[in-house]
Structures are given as structure tokens and as C-alpha cells.
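Note sheet for the following structure.
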Amino acid sequence: MPRTNNNLNECDREPIHRLARVQTFGFLIAVSHDWLITHVSANLSNFLPFSAESVIGKPLGDIVPLPTLHALRNGLQFMASADSVERVFGEPLLPDQLFDFAIHYSGSSIVIEAEPAATVHRADSAPTLRAMIMRLQRPGDLLTLCKEAVRQIRALTGYDRVMVYRFEQDGTGEVIAEKAATGMTAFLGLRYPAGDIPQQARALYVRNSLRIIADVSDWGVIILQDPVNPTLDLSLSVLRSVSPVHLEYLSNMGVAASLSISIIHQGQLWGLIACHHGVSGPLSLEIRTTAELFGQMFSLMLESRERDTELKQSLYKRALHDQLIARLSTVTPIFKGLGNALDDFAGLIDCDGVGLCIDGRVRISGYTPDEQAFYAMTGFLNHAATADGFSTCALASVYPLGDKFVEAAAGVLAIPLSLTPGDYLVFFRRQWRHSVNWAGNPDKSVVVTDDGERLTPRKSFAVWSEQVEGQSRPWTDGDHAVARHLRTALLEVILRVKDPSSIERQQADEKRELLVAELNHRVRNILTLIRAVVGQSRDTETTLEQFIQSVSGRIQALSLAHDQITADQWSAAPLRALIDAEGKAYLSQGHERLKIDGPDVLLDPQAFSTVALVVHELMTNSTKHGALSNAQGGINIDWRLDLAGRLTLSWKEHGGPAVTPPSRRGFGSTIVERSIPFDLKGTAEVLYARHGLEASFVIPSAFVKLASTRPLAKATAQTAWPSTYHGRVLVLEDNIIIALEAEDILLKLGAQEVDITSRVIDALRIIDQTPPSFALLDFNLGSETSLPVALSLKQKNIPFAFATGYGNELRVPAELAGVAIIKKPYSVESFLVSKPSVE
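In terms of the working numbering, the sequence shown opens at residue 75 and continues consecutively.
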């Protein structure tokens, strides 16, 4: 029978993320948004010459050196999400002592945890991590991958025992891989009850993927706080203290220190890499960070390897599924067809028997209850099953009559076959008698103390064997996925056979298939056209910039044409709107230079796309070489319909530079001269007259009709940011990630271009050669400051602002005292609040 434990409520209710205590190998400080200290651990004086009580309410800068404060502010800039924890390594708090820091947000508070840095620093962790990951990529199954993972983590941490601990469907966990010191008792293959890791602890393992307990005898120190502030949520804390019950549990196991690394699969806790050590003491934050990154990469590789295995299985089963459904679609009555296919269904889901019940009629095959017992069981399924079905590996535990046939059918996976109760396809699995080796007696004991009853963890972890009966092998996620697909397909087959309106539905299906075929045809045509545009443009442009510009322009012209012809259900679109839109794109300040005349005509979608490309190429050529390349030229565009309904489109340029025939034919010339004749069976004539290019195009009547004009389809405009930032902006910043963040914000706020540099000498050169409209200067650049750049900007009357992690503590010369300061970490609001100006 399934194991249950009714004494777990105490563990599950314990608020382990709000214990308000931290381990003593480091200290914790929390600050408000204005960097005033609101919380501090009571052991602060063990590390710094300040008492915890004396610093509450003070600015963090009073106890933290400015360079370190600057580094912490910069660290916040790297945080990718609200659940991120950023690390800062090797920053001083005392003249002769470096510290490592972990920073995260807890509500509105910024939580800073510090611990002494390792006295001996390892080499750069990136090569170490890379070598570890390379070893994981060796061929092998999932267990091979897990064995290599424990080997790598033990080498990294030096811990006595490292295990991969996998959670089963019932919440219990099993050690499936282990690497331990010589002489240690093996835990490999042992099972641990679900209550060993309560639900709230599992939720924390998903949010915070690395957990260290440096000393199981360390119950931690309290966190002092300003009374007006709430207790900190320590879910993301690296120093968070541990439940006394768990410390007792580890102590009983003979563990002095532990480290846990979460294994996440599709957003769920798949298991843990659990590390135990017989000697207390912390691992350095550097090593823990490497272990955490390894755990994340291991999780991805494990997920990929499992997905590959599932894909191979699903492809085979999908082929069987499709063949079976195709055969059933032509068989009536439906009960006979499904009943004859029971053995085929058994090939889709690993089972020992299959049963079918439709309209009170029963058919069974293999190991199942007898027909009468099976029909009676469908009454239970009517209440227990959801729309997706019902499954259990211990039917007798939820359906008492299941005891009568537990040997043949201990496990059930049921698929509803209709919206009305009673119709099911059911897969059965036989009883699976097996032994489970627990790490000690899994039943937690209750002791009575002066404070009442409390759970106590087991004292022994010696192998405790249990014989399990009344259960089948568990149904897997893959089994449930096949069942869902099978249910959908069978419902469609049954409805088609039972529903008298199946002919109408078939007709609707045919229309839908026709529509899909037409959409596929159009999409293929569009993709083929774009591919040709890219390929031909590549062959005719000489530089990457020219290539990008020409391809972007041509695709934009196609996009505009597509917007026009789809604005009214893929119908004809107005020629005038097309030419007007192209003209505005090139003549935003002088649209009067374009003279347009002609009747209101509509072009068929095929013709509209072709003409759009031709007009775009003519307009582009005129802007580069023709009438629109100077301030005096113009273009006359007119069109007319002849008696046969053909459209003649005329293009005449004047006032531009003298025209000479091109020495070579590029892709643009090919579009102008050959698109309309080839695509529309019309004509095209181009004359390179000295006074200006002239062109005439004839479009057959099949693509043209008279109509009234309609509004031009417009692109959605982006919301403009209210800002004084414009033109070219200079960013002087010695950290590339922070510089790119500033660039993103400035572009949002209206800057047309952002120049980024990390050196004073380069910034001065940019100011002399291409003066910016505004400059953002990181004050501290490591070995130098940005003061020379600031003085140069002030002399040239160019607005600028300082950026700093020092906050209001920044000290600048008197002549720059009024310059705006933008505090790190950056945000849109911080740029808008600061009003940069020349002082």
C-alpha cells in the first residue's frame, strides 16, 4: 500500500523562509531604497568594528568603504530578474580583509550578505566549469550522466559524500548515483520518505538553487531590525539559517556540513545533488557559485537527454497511433472497431491489459478485472475521472473493490471516450511486488515536551527494508502524454461516426484544408520572393551597410504593399496610396517636389506587390543619383487608362544632376525593367535622358480597375518617451554590461546614436571630432576618473551628467558642483529625474 504519514503537518507549516536567523560564517545587512540600514544580523561585530544595534537607521556608506559600495551598486545592475542573486567577489571592508558578497532583493529591501573571502583564491572558475561540463557531454544514459556529475562535484568541493537524489512521483526520493570517500557506508539505492524534504523546502529549492549548511551545530544568530519594517523573506538568502528539525536530522546522519544543488526539469524540482561532509566549515562563495552554475548546466543536459529518449519513443508510438486511427476512421459500428483494436492499443502504452466500455457494452483483453467487475468500476470512474482521465498505481487504495482483482489490475489509466459518463478505454497494470530499501525507518516519531508534541527525526539511517504490495509500476509522463493524444483522436473518430451531421463537418474540413493550402501557397510565394531579394541584393551591393540598407528598403516596400492588399481581405489596393506612402518615406520635409496625377485605380494584389517594388527602386535611385539627390529636383508621376482598360504609368524626373546610362545592370535596374513584363505580362521602357530619368510602364487590364480611394495602412507608432535626450550621446563607462544597459535606456529616451568608450583618451577624441549633444560619465573608471572629460565638456558647453555607484557621497571639484548625478543601478526613471544641463 502507498506510504502515508499523518504527522508531517508540523514540518509543512514551518515558515523556513522567515526564521529571521542567519548562519554565523557571514553577516547580513538589509537596506532601503535610499540605502539606509533597516536590518542587520546580530553578529556584525564579529566581522566589523560596529555593533549591530548602532548601525540600524544609518547610511550603508557609514560602515562600507566607498569603492566597495560602488561595486555593490554595480552588482545590482547585473541582476536579470527579481529572483536573481548577484555575487561580488574580493572587495574590502577592512584594510587587511577582503569579503565576498551576495546581493538580492527581498520585497522593497536590498539584502547584502557578506563573508570573508577565501585566503587562497582559485584560478578563474570559467576554465574549471568548462572542463566539468565537457566531461558531462560524454555518451551515455541518464545514470551515466549522474555518476559523472557526482564525481565532478566531489572533486570541486572536496566533500566526503556527493549523491544525486531523484524525486519519485509519490514525493519520496532515491539515491541513484553516489561518490563517497573510502570506507563510508553506501547510500546508493536507498529511498527517503517525502517528509524528509517538506513542501515549502521543495518550493525554496526551485527559487534558490544552492543551499549550504556550514555547521549543523550552528543554530544561527537573529536578525535585528527597525520595528517599523517587516521581517525579511530570506528565500533567496545564502546565509539563511536552518530548521532545528533538519539540523537534528543531519546530525543523526553523522553529517557536520552539507551542500545541496537543485536539479530543475521543466521548471519543476527533479532532484538534488546532495553533498555531505564530516567536518564543519564553509565553502568559499567562489566554489559555491561554480557548483551552482554546474548544477544549472547539468539540469539542462539532463532535460535534453531525457527529451531525446522520450522523442525516440514518441515517434515510434505516434506512427502506430496514426496507423490505428486511420484504420478506425472507416470502421462502424464504433464499439466493434475499437474492441477489435484492443491489442493494438496495448502497443501504445506499456500495460498488461486493456478494457473498453461504450454504451454499457464491455470488451476486455489481457490481465484485467472480469467483465462484471470492470463494468462496476466504470461507476467509480464517473466520479473520479476528470476530462483528461484518471490514473493511479494503487487502485485499491481509492477504490475498495479493487482488492478483489489487485493481482491482475493494481494500476489503472483511464481515458474518457465521450462527454457523457460511462464510456472509457482503460489500461491496466498488474501488481508489482517489490522491496524498498529505506534509509532508516521512514516513520517519524512524535515526542512529548514541555511545549507539547513535536516531530523528531529518526536516529538511525541503517537500511530498513519494506515489502510493497498492492501497487503497479507507476505511470510515467510519457504514458499520460500518449493517453492525451489518443483521447483527442478517438473523440474525433467517435463523433464522426456517431454524429448525423458528419457530412457537413466533412465539407467544413475540406474548406478548411483548402484555406490552409491557399495560405501555405501564399506564404511560400512570399518567402521565395524575400529569398530572391536577399540573394540578388547580396550579388549587387559591395558593402555590408549597402546590403543591409537595400534589403531593408525592399522588404519594407513589400511590407507596405502587403499591408495595403490585406487591409480589405486580400483585395485590390489603391495605386495612389502606394505612391503617396513611398513619397512620404523619402520626402518627409518636401512632399511638394512629388507631383502625382491620375484617376483613382485599384491594383490586383499580385500587381500591387510588383509595382511597389518598382516604385521603391525608382524612388531609391532618385534619392541616390537622380532628381531627389539635390534640393531643386522633382518627379512627375501620372497614370491613365486607355479604352482597353490598360494602365500606363509614367515617371519623369527633372531638375536633378545630368543623367548618364549605368555602366552595369544591378538588381535594382532588373526590378525596374523586367518585373512588370515578367510578372504581369506588361511592358516597361526606361529612358536615361540627360535632363532626368524617364520611365513608362503598361499594366494589363486584368490587374486594374477603377475605384474610390481608401485610407493608407499605417504602421503602428512606438510611444515616444518624454525626454530631453536627443542626437548623439557619449557614454564613458568601464563596464561593458552597464554601458550597454545605459545605451538601451538612452535610445528609448530619444537618443539617435550612442557612442560607448571606456577610456578618457578615447572620450576626449570623440568630443573633439564629433561633439555629442549629451554625455554620461561614469566618475570612477578604475585607474582614472572622468574629470578631464567633464572639464572638456563644460568648456565646450555640452550638457553632461555623472553616473556613479557612490550615490550622494560623490565628491567633485567646486567648478563641477552643480552637475547632475545619475545613480546606479540605472533605470528610465533615474534618467528622467536628473535634468542634465551645462553648469
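We treat Cβ as the ideally placed atom computed from N, Cα and C, and that holds for glycine.
Since the model is a prediction, treat every value here as computed from it, not as a measurement.
- Kindly indicate the opening and closing residues of the alpha helix (DSSP H) around E815. I810 to K822
- Query: By Cβ distance, which residues of its chain are closer than 7 Å to Q643, with the 5 residues on each side in sequence left out?
  - Reply: Its pLDDT being 48, under 50, Q643 is placed unreliably in this model, and the value from its coordinates should be taken loosely. Within the same chain, Q643 has no close Cβ partners at all.
- Item | For E165, the three-state DSSP class (helix, strand or coil) | strand
- Task: Take A849 and list the residues in its own chain whose beta-carbon comes closer than 6 Å to its own, dropping the five residues that flank it on each side.
- Result: L804, L867 and F874
- Query: Where do the N-terminal and C-terminal ends of the beta strand (DSSP E) with L172 fall, by residue?
  - Reply: Q171 to S180
- Query: Rounded to the nearest angstrom, how far is the Cβ of V302 from that of A116, given a contact under 8 Å?
  - Reply: Their Cβ separation, rounded to whole angstroms, is 19 Å, which puts V302 and A116 out of contact at 8 Å.
- Can you grab the Cα-Cα spacing for the pair A459 / E377, in whole Å? 30 Å
- Message: Just to confirm, is the Cβ distance from P846 to I872 under 8 Å?
- Response: yes
- Task: Would you identify the three-state DSSP class for D396, choosing helix, strand or coil?
- Result: helix
- Message: Given this structure, state the Cα-to-Cα distance separating A563 from D462, to the nearest angstrom.
- Response: 13 Å
- Task: Output the distance between the C-alpha atoms of Y239 and L284, rounded to the nearest integer angstrom.
- Result: 14 Å
- Query: Would you report the Cα separation of T790 and A655, rounded to the nearest angstrom?
  - Reply: In this prediction, T790 scores a pLDDT of 31, lower than 50, which makes its location untrustworthy; the coordinate-derived value is nonetheless stated afterwards. One C-alpha to the other measures close to 14 Å.
- Item | Beta-carbon proximity of D448 to V436, cut-off 8 Å | The sequence given here places Phe at residue 448; Asp does not occur at that position. Cβ atoms of F448 and V436: closer than 8 Å.
- Query: Quick one: Cα of V500 to Cα of Q545, how far?
  - Reply: 17 Å
- Query: Start and end of the alpha helix (DSSP H) containing K669?
  - Reply: Here K669 belongs to no alpha helix (DSSP H); instead the beta strand (DSSP E) covers L668 to D671.
- Query: If you drop the 5 nearest sequence neighbours on each side, which residues of the same chain put their C-beta closer than 6 Å to that of K221?
  - Reply: A251
- Message: Once DSSP output is grouped into helix, strand and coil, what is the label at H107?
- Response: coil
- What does DSSP give as the partner residues of G485 in its beta bridges? R503
- Query: From which residue to which residue does the beta strand (DSSP E) around V342 run?
  - Reply: Before going further, note that residue 342 is Gln rather than Val in the sequence given. Where Q342 is concerned, the enclosing beta strand (DSSP E) stretches over Q342 to H351.
- Does the separation of the CB atoms of P495 and R561 fall below 8 Å? no
- Item | Any non-hydrogen atom of the ligand ATP closer than 7 Å to I184 Cβ | Ligands displayed in this structure: none; no statement on the ligand ATP is therefore possible.
- Proximity to T844 [Cα-Cα], best of P774, R802 and S158: R802
- Item | Segments assigned beta strand (DSSP E), at least 3 residues, entirely inside the stretch 277-320 | 284-287 and 295-299
- Would you mind stating whether S749 and T697 have Cβ atoms separated by less than 8 Å? no
- Quick one: Cα of V280 to Cα of A331, how far? 21 Å
- For I811, collect the residues of the same chain with a Cβ closer than 8 Å to its Cβ; drop the 5 residues on either side in sequence, then sort them by chain order. Q151 and F152
- Message: How far does the beta strand (DSSP E) with C431 in it extend, from its first residue to its last?
- Response: G427 to I432
- What number of angstroms, rounded off, separates the C-alpha of A484 from the C-alpha of W549? 12 Å
- Query: So, using beta-carbon positions, are S309 and L359 closer together than 8 Å?
  - Reply: no
- Query: Cβ of A365 within 8 Å of Cβ of M237?
  - Reply: no
- Burial state of M258, where buried means 16 or more other Cβ atoms lie within 10 Å: exposed
- The alpha helix (DSSP H) with H457 in it runs from where to where? E445 to A458
- Task: Report the residue from F175, G756 and A894 whose alpha carbon sits nearest the alpha carbon of L723.
- Result: G756
- Taking C-alpha atoms, which residue in F163, Y179 and P139 lies nearest to D157? Y179
- What number of angstroms, rounded off, separates the C-alpha of Y799 from the C-alpha of V893? 16 Å
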